[in-house]
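Chains as they are written, first to last, in our numbering: chain Z, 1 to 72; chain Y, 1 to 133.
Backbone N, C-alpha and C fix where the C-beta goes; we use that ideal spot for every residue, glycine too.
Owing to the predicted nature of the structure, the values given are computational and were not obtained by experimental measurement.
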């Protein structure tokens with residue numbers, strides 16, 4: 001069984017808080033494919049620091065408002 | 001399904017068809033140089049990567065990461081297979097022996113197909129189970 005990720009994200013919640021922003025819209029703004037956004041939301045991928053900043057920028061929030069390190 | 005994952009499935013199908021054709025062919029002509037002809041089917045491995053929408057992002061850091069990991073694993077498998085086969089041949093037949101050229105080519109093609117198959121399999125596995133940079 002895969003180990004749970006040490007970093008959780010709030011991408012799905014932030015998308016809905018931004019007026020039902022679609023995965024496609026977020027992917028376009030972050031410069032990635034929609035599949036990567038899907039993988040991020042499903043905790044199947046840990047993004048690079050650059051992508052993490054791009055996603056935070058797309059939402060207009062700080063990095064720590066999107067990603068949370070659980071201390072492990 | 002992501003574009004590289006579709007391509008990996010395509011590669012597995014091509015490899016399966018090539019191997020099926022090979023075994024069907026050698027059942028008729030036995031082990032002969034003519035049976036090498038079926039490996040031409042593996043040329044289809046070069047297809048299936050050109051279809052994408054104009055302006056759309058088809059590859060990103062995750063795809064690149066998975067590609068690198070799959071390539072590294074398949075290359076490792078390739079070297080291990082070459083090493084094992086070389087040692088097995090050496091210890092089985094000794095240092096003073098000869099083999100037919102078509103046999104060498106056949107083994108090379110089989111290992112190449114296996115390497116591509118491992119790469120495709122790992123690619124699919126990483127897309128399914130998750131990949132982390």
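Inter-residue distance for residue 42/Y and residue 21/Y is about 11 Å (C-alpha atoms, whole angstroms).
The beta carbon of residue 54/Z sits closer than 7 Å to those of 30 and 31, all from its chain and outside the five residues before and after it, given in chain order. Each of 28/Y, 57/Y and 117/Y was checked against the Cα of residue 28/Z, and the nearest Cα belongs to 57/Y.
Closer than 9 Å to the CB of residue 130/Y there is at least one CB belonging to chain Z.
By a beta-carbon distance limit of 8 Å, residue 62/Y contacts residue 131/Y. Their separation comes to about 6 Å.
Residue state for residue 5/Y is assigned as helix, using DSSP reduced to three classes.
At a C-beta separation below 9 Å, residue 51/Z has these neighbours in chain Y: 60, 61, 62 and 133. A contact is defined here as three or more CB-CB pairs under 8 Å, and the stretch 111-126 of chain Y meets this definition with respect to the stretch 6-15 of chain Y. Contact annotation, residue 66/Z with residue 14/Z: C-beta distance approximately 6 Å; criterion of less than 8 Å satisfied. For residue 33/Z, same chain residues with a beta-carbon under 7 Å away, outside a window of 5 residues either side, are 27 in chain order. From the listed residues 129/Y, 128/Y and 109/Y, the smallest Cα separation to residue 15/Y is found for 109/Y. Under the DSSP assignment, residue 7/Z falls in the beta strand (DSSP E) whose first and last residues are 7-9. Of the other Cβ atoms in all chains shown, fewer than 16 fall within 10 Å of the Cβ of residue 101/Y; this residue is therefore exposed.
Contact with chain Z is found for residue 2/Y, since one of that chain's Cβ atoms lies less than 9 Å from the residue's Cβ. At least 9 Å separates the beta-carbon of residue 115/Y from that of residue 86/Y. Annotation: the continuous beta strand (DSSP E) that includes residue 68/Z extends over 67-69. Residue 78/Y and residue 111/Y do touch by the CB rule: their CB atoms are close to 7 Å apart, below 8 Å. Proximity to residue 45/Y across 104/Y, 96/Y, 4/Y and 103/Y peaks at 4/Y, based on C-alpha coordinates. Residues of the stretch 103-129 of chain Y that bring their beta carbon within less than 7 Å of a beta carbon in chain Z comprise 129, in sequence order.
For residue 57/Y, the residues of chain Z that pass the 8 Å Cβ criterion are 27, 28, 31, 32 and 33, in the order they occur in the chain. Residue 37/Y sits exposed, since fewer than 16 C-beta atoms from the chains shown fall within 10 Å of its C-beta.
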